[in-house]
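Below is one structure, written out as structure tokens, with a few remarks after it.
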Amino acid sequence: MALTLEQKQQVVAEVSEVAANAYSAVAAEYHGIGVAKLTKLREQAREKGVVLKVVKNTLAKRAFEGTKFESMSDRMTGPLLLAFSMEDLGSAARVVFDFSKENKALETKLVSVGGEVYGPEELERVSKLPTRDEAISILMATMNAPVTKLVQTMNAVPGKFVRTVAAIKDAKEAA
-15 MALTLEQKQQ
-5 VVAEVSEVAA
5 NAYSAVAAEY
15 HGIGVAKLTK
25 LREQAREKGV
35 VLKVVKNTLA
45 KRAFEGTKFE
55 SMSDRMTGPL
65 LLAFSMEDLG
75 SAARVVFDFS
85 KENKALETKL
95 VSVGGEVYGP
105 EELERVSKLP
115 TRDEAISILM
125 ATMNAPVTKL
135 VQTMNAVPGK
145 FVRTVAAIKD
155 AKEAA
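Residue -15 is where the sequence shown starts when you use the numbering used here, and the numbers rise one by one after that.
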């Protein structure tokens, strides 16, 4: 059953809102995947803060107008599943990458990060980007390292002095 004009406008508005707030997107061809497996993919996506949409390409192209995913429009062909990362850059790529390991029928077509469109070969690299918490942890460890080294160095001088005095004391007592 075909969608009415109002339904199409609603779909375009919904996808456009999701695209405007997303950090990255992955377009994958899902032809040949059963309903049960797609339901499992949707559950995994929800857990990771990823929004999945199955929309006609013409509607998706209209929804992408004015968003950072507009550059994907030219290369969208075939039945595509769109995955949008809402929490961090790599979450959609992680969900699609992990699911495609088990289900070869899910074939990645496009990956978009920061307005740049990449081919399917970049999916694994984008999936390995750190989450927000991991990135903050790495940054804090990097910022903490010089201070830690300074304290260790400053502590080493008096420690060495104390060990030297103790060694002299032990030597005099032995003599």
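No residue lacks a Cβ here, since even glycine has one placed at the ideal position from N, Cα and C.
Note that the structure is a prediction, hence the values are computed from the model and not measured.
Alpha carbon to alpha carbon, how far is A(-14) from A11? Give it in angstroms, no decimals.
Indexing the sequence shown from 1 puts residue 11 at position 27. Indexing the sequence shown from 1 puts residue -14 at position 2. Approximately 23 Å, taken between the alpha carbons.
Report the option in E91, V38, F83, A3 whose CA atom is closest to the CA atom of E71.
Locating residue 71 in the sequence shown gives position 87, where the first residue counts as 1. It is A3.
So, do the region 28 to 35 and the region 120 to 140 have three or more beta carbon pairs nearer to each other than 8 Å?
Flag = no, the region 28 to 35 and the region 120 to 140 do not touch.
How far does the alpha helix (DSSP H) with S111 in it reach, from first residue to last?
The residue given as residue 111 occupies position 127 in the sequence shown. First-last of the alpha helix (DSSP H) with S111: 107 to 111.
Please say whether G99 and S57 have beta carbons closer to each other than 9 Å?
Position 73 of the sequence shown holds residue 57. Position 115 of the sequence shown holds residue 99. Result no, Cβ atoms of S57 and G99 do not sit closer than 9 Å.
Look at the alpha carbon of A77 and the alpha carbon of V38, and state the distance between them as a whole number of angstroms.
Start at 1 with the first residue of the sequence shown, and residue 77 comes out as number 93. Start at 1 with the first residue of the sequence shown, and residue 38 comes out as number 54. Spanning the two alpha carbons is a distance of roughly 16 Å.
For the region 40 to 55 and the region -9 to 1, state whether three or more C-beta atom pairs, one from each stretch, are separated by less than 8 Å.
Yes, the region 40 to 55 touches the region -9 to 1.
Going by DSSP, what residues sit across from L66 in a beta bridge?
To locate residue 66, count along the sequence shown from 1; it is residue 82. For L66, which the question treats as bridged, DSSP gives the partners A11, K37.
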